[in-house]
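Participant: Here it is, the structure, as structure tokens.
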Amino acid sequence: MIAVVLSLVGIVLLVTNGNLTRLEINDKTLLFGILSAIGLVAYTLIPGRLLQQYDAILVVGWGMFIGGLAANFYAPLYHPAYHFDAIDLTLLFFIVVFGSIVAFVWYIASLRKVAPETVGMLGMLEPLSATVLSALLLGVQFQAFQVVGIVLTLGAIVIMNVTKRQ
22 MIAVVLSLVG
32 IVLLVTNGNL
42 TRLEINDKTL
52 LFGILSAIGL
62 VAYTLIPGRL
72 LQQYDAILVV
82 GWGMFIGGLA
92 ANFYAPLYHP
102 AYHFDAIDLT
112 LLFFIVVFGS
122 IVAFVWYIAS
132 LRKVAPETVG
142 MLGMLEPLSA
152 TVLSALLLGV
162 QFQAFQVVGI
172 VLTLGAIVIM
182 NVTKRQ
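The numbers in this note's numbering rise by one with no breaks, and the one at position 69 of the sequence shown is 90.
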């Protein structure tokens, strides 16, 4: 419970910088953040029963196939919005294989050995690492309350992992 409260307070501080009357992010960012959270919950909890019967790579493969078919109605594969050259295709290949397929297979496979809530909490390291890297590599500057929010969110992750081991 402490970890959940720390995490929520940390995220509120991160997106409001301590001023609860306005967000430090735009509406689209908030919408996509909420949709990402729903997606994280969905792909962490839904495959649980499937993983008891099938291998993780099969579950991820079917999920990506069905998702690809659904996405094809919005952006048909035969009508690309961009002209790809050899470098683009090579980069796209690495993003798809390593950034999607391998990452999702490992993520889904981890659900066999680790509780879904722990996997979900550890999944919070991705946006947190993106935040830290944006500060280090892109020069994004955070204000005091936002730094406190980052620290609280990290603290929640540490608490979740320490209490699970005991």
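Backbone N, C-alpha and C define an ideal beta-carbon position, used for all residues, glycine too.
When you compare each of Y128, L27, Y103 to I67 by their alpha carbons, which one comes out closest?
Facilitator: Y128
Participant: Is the Cβ-Cβ distance between L61 and L51 less than 8 Å?
Facilitator: no
Participant: Is it the case that the Cβ atoms of V30 and L173 are separated by a distance below 8 Å?
Facilitator: yes
Participant: Below 8 Å on the Cβ atoms is my contact criterion, and I expect T20 with V140 to pass it. Report the Cβ-Cβ distance as a whole number of Å.
Facilitator: For residue 20 there is no data in the structure shown, the boundaries of the chain being 22 and 187.
Participant: So what does DSSP say about T42, is it helix, strand or coil?
Facilitator: T42: coil per DSSP, three-state reduction.
Participant: Between the region 159-169 and the region 85-97, can you find at least three pairs of beta-carbon atoms closer than 8 Å?
Facilitator: no
Participant: Counting along the chain, where does the alpha helix (DSSP H) carrying N93 start and finish?
Facilitator: 77-95
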